[in-house]
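Here is the structure we will look at, set down as structure tokens.
Protein chains: 2
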Amino acid sequence: MSRYTAPLKEMKFVLNELAGLGAISKLPGCEDASPDTVEAILEEAGRFASGVLDPLNRSGDVEGSRWKDGAVSTPKGFKEAYQQFVEGGWAALPIDAQWGGQGLPRVVATPVEEMWCSANMSFSLCPMLTQGAIHAIELRGSDALKKIFLPKMSTGEWTGTMNLTEPQAGSDLALLRARAERRRDEKLGDHYLISGQKIFITYGEHDLTDNIVHLVLARTPDAPEGVKGISLFVVPKFLVNADGSLGARNDARCASIEHKLGIHASPTAVMVFGGEGGGATGYLVGEENRGLETMFIMMNAARFAVGLEGVAIAERAMQRAVAYARERVQGRELVAGGKAVAIVRHPDVRRMLMLMKSQTEAMRALAYAVAAATDLARHHPDEATRKLNLALVDLMIPVVKGWSTETGIEVASLGVQVHGGMGFIEETGAAQHLRDARITTIYEGTTGIQANDLVGRKIAREGGISAKAWLAMLRGFDGELAGSANADVQALRGALAAGARAVAECVDFILATAGKDPNAAFAGAVPFLRLMGIVAGGWQMARSARVAEGKLAAQAGDRKFYAAKLATARFYADHVLSQAPGLGSTVINGASSVMTLDEEQLAGE
Amino acid sequence: MSRYTAPLKEMKFVLNELAGLGAISKLPGCEDASPDTVEAILEEAGRFASGVLDPLNRSGDVEGSRWKDGAVSTPKGFKEAYQQFVEGGWAALPIDAQWGGQGLPRVVATPVEEMWCSANMSFSLCPMLTQGAIHAIELRGSDALKKIFLPKMSTGEWTGTMNLTEPQAGSDLALLRARAERRRDEKLGDHYLISGQKIFITYGEHDLTDNIVHLVLARTPDAPEGVKGISLFVVPKFLVNADGSLGARNDARCASIEHKLGIHASPTAVMVFGGEGGGATGYLVGEENRGLETMFIMMNAARFAVGLEGVAIAERAMQRAVAYARERVQGRELVAGGKAVAIVRHPDVRRMLMLMKSQTEAMRALAYAVAAATDLARHHPDEATRKLNLALVDLMIPVVKGWSTETGIEVASLGVQVHGGMGFIEETGAAQHLRDARITTIYEGTTGIQANDLVGRKIAREGGISAKAWLAMLRGFDGELAGSANADVQALRGALAAGARAVAECVDFILATAGKDPNAAFAGAVPFLRLMGIVAGGWQMARSARVAEGKLAAQAGDRKFYAAKLATARFYADHVLSQAPGLGSTVINGASSVMTLDEEQLAGE
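Residue numbers (the numbering used here), protein chains in the order written: chain Z, 1 to 605; chain Y, 1001 to 1605.
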């Protein structure tokens, strides 16, 4: 069995050479993130991921979380692991120092969170969701709410959840029905009675902590229809007394948990609020009817986190596949013949492993670059720099979410394929990665929704300004690549330029059609998102190839590592970037036939 | 819940307009397959698939087959369904009349077998494997073996299995260790004692029939090493007495069954031969040391059957997704706005459904065309025609197997995506199709092995003759398409021509490199296989568009159906054929970076 090992060498390369950790650690508020400190953190996190979380991954999948009479038991070992997680201070890592966190920048939290997810995706969802809930309270909560909830949530002593979906309201939150009625009494002060059913609530109920803090979207009785009438509430499982101790059990119950394709250890709850009385006690976050705004501000972080799951699962699936391919003896060498060799020697197996490796590296580099831009957008003293980076973050978030998750599934499926028949046997572990990964293109907004966000909000609505700024950056970078005499870099340069041209043509097409023929602009939204991802990944691969070329020329550092960087980038150019022109053609020419059939024709009736 | 409905209209269109059923039914030995008879058969088969097999699909997945003390129980209802299957004469459909079968041509058996697999893939594997075993005995068995086993196997009263794989010998049969020792005694006559362990034996043990006839690969003590020392044996679960009644239990036992990602109802057995004594009694099929030859002759049929599974699962996944997309109300229309509508009205959902539909139709048309060519190769009175068709079959088998299964997985995954969050919940049924489909690119030779067969045996070894003959056929067809004034047909023509050019360039590349740099030729084998599949599917889509154009011009038949054919073919051109040039570029330029890294670099060590 393959054991997870944090890819520290790779992570440090990306952080230091591509994501600019050195510069970020000099920003005000980021001084604790010096490269040396970060290295120590990553090593410690890697030990925790390999030693504590990874060993629970398969057993957690087999056992699953279990529901009984409203209570949920997580699989054996999860409670102890979570306890160690809290005691190690890991939950607090990215949380603002004023709430008791360590306040490390996003670019440092990102590789650490990648490790949790690589080692045990089901486990990692609990702190991930908690961060989202913390963020919502931080953004819009009253001082009283912050004081009651944030300290315990920051340490991880309490966890948080996001309650958005209802059976009739998934992607379409306008259809929400959960209700919130204003109340005031001496004991509880201003509060609301929340009632309604929520589904797909990750860690909506569990046995890891004493309290669970639900963030719940609901409507007040006089709210306007649609998305403009949605408010956000904090609804704790146990009410909190003035002294911080736990009070009465709230009327928020877990009615059942789902039987899912993957992430079996992560309980996906059906939550019923107000099932046993007039309602659950909830506290308004921000203003009435402005709940969705708060959700939207949080959404970037959540979508980024899910995109990172794509990277993490890809890394884990790759490690398992490489280990198997080096062990499994089958077939003779194509050229040398002779005895049977490990399958890693066969060209097609190698091609699959390189597809896994090159795409994982491209996705990781893009994700960390976006994390770095998030830090720059927040902490940089220069406003123009902040704005520029924020624009890049906004443009790239749907790409990181959509492309990295779609590609994460592809990589996990390649991992199964490398294992041959053993890949289909659950004991091997490869199939679990595919099952786990399959949710990532769905939750926090499907790939279609990411793509619509990219085409609609991020490009059409602003006249393509951010996209064109990025394309201008790519053109500038092309000039830099022109200076290289390396054949791999030149191949990469050609493929990247072709990809950038395809993106530019699609942006023009989107700007020309989004207003007058939106169906045409949006029919190609997902192929466009894939194109953007492939080209943005190619941009990062070309950057890393340039760095590697320089290091090799200067005879600096790990020669084999930098040579691998060049070859992997070259592979990406020939096997991944090569798809870009075809995707561009689909975006521009493919709209006419998408909506032609009526429903009966579609169904073959 | 979606219920399976056989796509009769579509099947009849492909059979009659593309696969040439009319002409095949006039061939000697195929007279029973008149279009009217075939229509009646398809309707009856559709009723059986929908009424008997489909209702057991989900329950069979949940329950799974179970092992206890060497016996395997199939899920509730499977035994009764199998009984009905046998009584209905379905097992006998494609089997030669001299063994009691109905002897219908492959092109007729194909849509029927597609239905079994769409409705219940796990169930369908049992008769599929039995056909393979029948075929082996038919091909090389002695008259005595044929007389004992074929009549009962033809009706389905006994089932058959294929025992190839051993723990150390999967794709590489040279590594086989199972042993066979010659014996002769009065009671059993000439026979062998078979010993060894076999794994991944589909329906190796079950409770559907009284006897199971195992076909087993093993080595005699004096056999040469490697693949030239493998012999094929019949090893029945129960020996058969001279009067045809069942005799002693053979020493062939099921040690366990696997926990798999999918096809839970289909028992995948670990078989132990000779575990309790000197060995299991087996009978040689054909000559000693020539077992692999027999397997190779059978392999085309088996690989075709698995390719058809890709079509079948894609069809089922599509039906489920279309039904859900028409029901599920979520989000407003992009242009019209207003109330929430069924998601089938959203461009990206429609794009996914069209990707599912167009690829399913393309795969089906190619599979049926290859089935028809199989019949022509077997039954046509003219030798040149037989040869031409055999060459097409040989060329296209790895394409049907590799491309249809890879695409089947893609379509099943799109089916999950269309369902959004519900797709991840097992009760919905969409996830099962993805889990079931995931084996199809692995068994009967992985996609990599199909691609190596295509590049090595089917192209390089014969100097590209068959591939070039097919390309010449495409050029001739291009001339025919030139005569159309329809804009969709012209778009298709352009995309198909670009695809054919890419194939032609790759064939030249393969011929130029396979001898002097085989790693380079084989590094792009899978992208080349995908390219071949996409272009061969495009060929069939263009053929169907031409037929539809003619029918519409002649105002003949179902106008909406033919209009849908044109639009679907156009979609295929813009969204699928558009990938062809990129794949061609990967095949030709992508080899250099595939094998560059050493194993430590690959592992990031």
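We put the CB at the ideal spot given by N, CA and C, even for glycine.
Quick caveat: nothing in here was measured; it's all calculated off a predicted structure.
Establish whether the CB of residue 608(Z) and some CB of chain Y are separated by less than 7 Å.
-> With chain Z covering only 1 through 605, there is no way to say anything about residue 608(Z).
Kindly confirm or deny that the segment 136 to 154 of chain Z and the segment 407 to 414 of chain Z touch, where touching means at least three C-beta pairs closer than 8 Å.
-> no
Return yes when the Cβ of residue 1151(Y) is within less than 7 Å of the Cβ of residue 1088(Y), no when it is not.
-> Start at 1 with the first residue of the second sequence, and residue 1088(Y) comes out as number 88. Start at 1 with the first residue of the second sequence, and residue 1151(Y) comes out as number 151. In this structure, residue 1151(Y) does not lie closer than 7 Å to residue 1088(Y) by Cβ.
Under 8 Å by Cβ, that's how I've got residue 1419(Y) and residue 1405(Y) pegged, so tell me the actual separation to the nearest angstrom.
-> Translated into positions along the second sequence, residue 1419(Y) becomes position 419. Translated into positions along the second sequence, residue 1405(Y) becomes position 405. By a beta-carbon distance limit of 8 Å, residue 1419(Y) does not contact residue 1405(Y). Their separation comes to about 22 Å.
Select from the segment 1417 to 1428 of chain Y all residues with a C-beta closer than 7 Å to any C-beta belonging to chain Z, and list them in chain order.
-> 1417, 1420, 1421, 1423, 1424, 1425, 1426 and 1427
In DSSP terms, what residue 290(Z) is bridged to | For the purposes of this step, residue 290(Z) is taken as the residue at position 290 of the first sequence. 230(Z), per the DSSP bridge assignment.
Could you have a look at residue 342(Z) and say whether DSSP puts it in helix, strand or coil?
-> Taking the first sequence and counting its residues from 1, one reaches residue 342(Z) at position 342. Of the three classes helix, strand and coil, the one that applies to residue 342(Z) here is strand, per DSSP.
Would you give the residue range spanned by the beta strand (DSSP E) that residue 618(Z) belongs to?
-> Outside the displayed span of chain Z (1 to 605) sits residue 618(Z), for which this structure offers no information.
Got a sec? Which residues, its chain only, sit under 7 Å from residue 137(Z) by beta carbon, not counting five neighbours each side?
-> Here residue 137(Z) corresponds to residue number 137 of the first sequence, with the count starting at 1. Counting only Cβ-Cβ distances below 7 Å, and skipping sequence neighbours, we find 145, 146, 149, 150, 234 and 285.
In the segment 162 to 175 of chain Z, which residues sit with their C-beta less than 9 Å from some C-beta in chain Y, listed in chain order?
-> Under the 9 Å Cβ criterion, the segment 162 to 175 of chain Z contributes 165, 168, 169, 170, 171, 172, 174 and 175.
Where do the N-terminal and C-terminal ends of the alpha helix (DSSP H) with residue 547(Z) fall, by residue?
-> Position 547 of the first sequence holds residue 547(Z). Residue 547(Z) -> alpha helix (DSSP H) spans 525 to 553.
Chain-ordered neighbours of residue 567(Z) on chain Y, where CB pairs are closer than 7 Å | Within the first sequence, numbered from 1, the residue matching residue 567(Z) stands at position 567. Simply 1593, 1596 and 1597.
In the DSSP assignment, find the beta strand (DSSP E) that holds residue 283(Z) and state where it starts and stops.
-> As a working note, residue 283(Z) is residue 283 in the first sequence. 280 to 285 is the extent of the beta strand (DSSP E) around residue 283(Z).
State the Cα-Cα distance for the pair residue 1355(Y) and residue 1572(Y), rounded to the nearest angstrom.
-> Within the second sequence, numbered from 1, the residue matching residue 1355(Y) stands at position 355. Within the second sequence, numbered from 1, the residue matching residue 1572(Y) stands at position 572. Each residue's Cα considered, the two are about 7 Å apart.
Using a C-beta cutoff of 7 Å, does residue 1433(Y) count as contacting chain Z?
-> Sequence index remark: in the second sequence, residue 1433(Y) carries index 433 (1-based). Answer no: the Cβ-Cβ gap between residue 1433(Y) and chain Z never drops below 7 Å.
Taking C-beta pairs closer than 8 Å, name the residues in chain Y that residue 439(Z) reaches, listed in chain order.
-> As a first step, residue 439(Z) must be located in the first sequence, where it is residue number 439. 1424, listed in chain order.
Please report how far the alpha carbon of residue 620(Z) lies from the alpha carbon of residue 312(Z), in whole angstroms.
-> Summary: the structure shown does not reach residue 620(Z), with chain Z confined to residues 1 through 605, and so no result is reported for it.
So which residues of chain Y does residue 202(Z) contact, with C-beta pairs closer than 7 Å?
-> Reading the first sequence from its first residue, position 202 is the one you call residue 202(Z). In chain order: nothing, as chain Y lies at least about 11 Å away.
Since residue 562(Z) meets chain Y, which of its residues come closer than 9 Å, beta carbon to beta carbon?
-> By 1-based counting over the first sequence, the position of residue 562(Z) is 562. Within 9 Å Cβ-Cβ: nothing; residue 562(Z) doesn't reach chain Y, min ~10 Å.
Could you tell me if residue 297(Z) is buried or exposed, where buried requires 16 or more neighbouring beta carbons within 10 angstroms of its beta carbon?
-> Start at 1 with the first residue of the first sequence, and residue 297(Z) comes out as number 297. When all chains shown are included, residue 297(Z) counts as exposed.
Between the CA atoms of residue 1378(Y) and residue 1107(Y) - distance to the nearest angstrom | Sequence index remark: in the second sequence, residue 1107(Y) carries index 107 (1-based). Sequence index remark: in the second sequence, residue 1378(Y) carries index 378 (1-based). Each residue's alpha carbon lies about 12 Å from the other.
Separation of residue 601(Z) from residue 1201(Y), as counted between CA atoms | Your numbering for residue 1201(Y) matches position 201 in the second sequence. Your numbering for residue 601(Z) matches position 601 in the first sequence. If I take the Cα positions, the gap works out to 41 Å.
Does the beta carbon of residue 230(Z) come closer than 7 Å to any beta carbon on chain Y?
-> For the purposes of this step, residue 230(Z) is taken as the residue at position 230 of the first sequence. With 7 Å as the cut-off, residue 230(Z) does not count as an interface residue toward chain Y.
In its own chain, which residues sit with a C-beta less than 7 Å from the C-beta of residue 1157(Y), not counting the 5 before and 5 after it?
-> Counting from 1 along the second sequence, the entry for residue 1157(Y) is found at position 157. Counting only Cβ-Cβ distances below 7 Å, and skipping sequence neighbours, we find 1086 and 1209.
Mapping DSSP to helix, strand and coil, what is residue 211(Z)?
-> Counting from one through the first sequence, the residue named residue 211(Z) turns up at place 211. Residue state, collapsed to three classes: strand.
Can you tell me the Cβ-Cβ gap for residue 455(Z) and residue 525(Z), rounded? I've got them flagged as a contact below 8 Å.
-> To locate residue 455(Z), count along the first sequence from 1; it is residue 455. To locate residue 525(Z), count along the first sequence from 1; it is residue 525. Correct: roughly 5 Å between the Cβ atoms.
Local Cβ density within 10 Å of residue 1385(Y), reported as buried at 16 or more and exposed below that | Taking the second sequence and counting its residues from 1, one reaches residue 1385(Y) at position 385. When all chains shown are included, residue 1385(Y) counts as exposed.
Could you tell me whether the Cβ of residue 1198(Y) comes closer than 7 Å to any Cβ of chain Z?
-> Taking the first residue of the second sequence as 1, we reach residue 1198(Y) at position 198. With 7 Å as the cut-off, residue 1198(Y) does not count as an interface residue toward chain Z.
Reducing DSSP to helix, strand and coil, say where residue 1236(Y) ends up.
-> The count along the second sequence starts at 1 and reaches residue 1236(Y) at position 236. Strand.
Which of the three DSSP states, helix, strand or coil, is assigned to residue 1166(Y)?
-> Looking up residue 1166(Y) in the second sequence gives position 166. In this structure, residue 1166(Y) counts as strand in the three-state DSSP scheme.
Do the CB positions of residue 1203(Y) and residue 1117(Y) come within less than 7 Å of each other?
-> For the purposes of this step, residue 1203(Y) is taken as the residue at position 203 of the second sequence. For the purposes of this step, residue 1117(Y) is taken as the residue at position 117 of the second sequence. Their beta carbons are not under 7 Å apart, which means residue 1203(Y) does not touch residue 1117(Y) by this criterion.
Please determine if the segment 15 to 27 of chain Z and the segment 365 to 384 of chain Z are in contact, where contact requires at least 3 C-beta pairs separated by less than 8 Å.
-> In short, these stretches touch, since the Cβ pair count reaches three.
By a C-beta neighbour count over all protein chains shown, 10 Å radius and 16 as the cutoff for buried, is residue 554(Z) buried or exposed?
-> Numbered from 1 along the first sequence, position 554 holds the residue referred to as residue 554(Z). The residue in question, residue 554(Z), is exposed, as its Cβ has fewer than 16 Cβ neighbours within 10 Å.
Euclidean distance between Cα positions of residue 1160(Y) and residue 1390(Y) | Position 160 of the second sequence, counting from 1, holds the residue named residue 1160(Y). Position 390 of the second sequence, counting from 1, holds the residue named residue 1390(Y). Between residue 1160(Y) and residue 1390(Y), the C-alpha separation is close to 27 Å.
Proximal residues, the segment 1011 to 1025 of chain Y versus chain Z, C-beta separation under 9 Å = Taking 9 Å as the upper bound on Cβ-Cβ separation, chain Z lies near no residue of the segment 1011 to 1025 of chain Y.
Could you pull out every residue in the same chain whose Cβ sits closer than 8 Å to the Cβ of residue 413(Z), ignoring the five residues on either side in sequence?
-> To locate residue 413(Z), count along the first sequence from 1; it is residue 413. Non-local C-beta neighbours of residue 413(Z) in its own chain, meaning closer than 8 Å and more than five positions away in sequence, comprise 434, ordered along the chain.
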